[in-house]
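Novice: Going by our numbering, the sequence shown opens with residue 53, and the numbers climb by one from there. The structure follows.
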Amino acid sequence: MKGNDLTHTISEDMTVFPGSETPKLTTKSTYEKDGFKETLLQMYSHVGTHMDPPAHIFTNQKTLDQFSPEQFIDKALVVDCRDLKEGQAITIDKIDIDKAKLADFLLFNLGWDKRWNLDTYFNDYPCIDNTVLEFILNSNFKGIGFDVMGLEDPLCDENLTRHKALFKDTDIVNIENLTHLEQCGDELFWFSCFQLKIENCDGIPIRAIA
């Protein structure tokens with residue numbers, strides 16, 4: 053089975069949310085001294101290509117480690133939004149509704165991953181409008197995903213309005229900072245987004261694979 057990697061590599065000089073610290077990957081054991089290599093990882097739980105559960109926003113809501121493994125693998129559909137400009141909305145006409153109803157993950161390709169490691173990655177990227185959000189809430193998706201850093205622009209909407217609406221009553225996962233979604237085509241495909249199983253997990257980097 054062929055796999056396409058939809059994940060940004062974690063490194064000490066990677067793009068991070070403004071105000072966050074970059075990861076630190078510190079060698080603690082070496083081949084020369086210890087006969088093996090071991091690295092201390094220090095990073096935020098929402099760094100790079102990562103996944104949010106409801107507990108990212110709401111206390112006493114579902115954490116990632118509380119989901120069953122089936123939550124993280126199934127059929128996905130990419131919604132091509134690469135023609136949208138800064139500040140434009142992702143509207144319902146972008147979605148092939150018949151195909152989307154057969155998908156378990158809905159992934160939005162804005163082409164913003166091409167701005168990764170550029171200052172313009174944080175510019176006014178397109179976000180889903182209320183009609184698309186309602187469609188997601190009224191469907192039975194396991195997850196949604198974007199090649200930008202959020203459902204909304206958190207630099208403009210500090211209240212995280214769409215995050216709150218998504219997670220208020222829905223056990224769904226939200227994936228951010230995907231890449232290479234253009235490799236997935238416009239038909240359904242198998243998609244997985246597994247992560248470390250960490251207690252009370254509010255979010256974690258993933259390895260997203262098509």
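Backbone N, C-alpha and C fix where the C-beta goes; we use that ideal spot for every residue, glycine too.
#1: Does the region 143-157 come close enough to the region 235-246 to have 3 or more Cβ pairs within less than 8 Å?
#2: Give me whichever residues DSSP pairs with lysine 127 in a beta bridge.
#3: With arginine 214 as the anchor, note down where its alpha helix (DSSP H) starts and where it stops.
#4: Exposed or buried, glycine 197, counting other C-beta atoms within 10 Å across all chains shown (16 or more means buried)?
#5: Using DSSP with H/G/I as helix, E/B as strand and the rest coil, what is proline 257?
#6: Would you mind sorting glycine 139 into buried or exposed? The rule is 16 or more other CB atoms within 10 Å of its CB.
#7: Would you mind sorting proline 46 into buried or exposed? The rule is 16 or more other CB atoms within 10 Å of its CB.
#8: In this structure, what does DSSP give as the bridge partners for cysteine 179?
Specialist: On the basis of the supplied data:
#1: yes
#2: Start at 1 with the first residue of the sequence shown, and residue 127 comes out as number 75. Looking at the DSSP assignment, lysine 127 forms a beta bridge with Trp242.
#3: Indexing the sequence shown from 1 puts residue 214 at position 162. That run of the alpha helix (DSSP H) goes 213-219.
#4: In the sequence shown, the residue the question calls residue 197 occupies position 145. By the 10 Å Cβ count, glycine 197 comes out buried.
#5: Translated into the one-based positions of the sequence shown, residue 257 becomes position 205. The answer is strand: DSSP assigns proline 257 an E or B state.
#6: Within the sequence shown, the letter at position 87 stands for residue 139. When all chains shown are included, glycine 139 counts as exposed.
#7: Because the chain in this structure spans residues 53 to 262, residue 46 falls outside the shown range and cannot be described.
#8: Residue numbering aside, residue 179 sits at position 127 when the sequence shown is read from its first letter. DSSP lists Ala141 as partners of cysteine 179.
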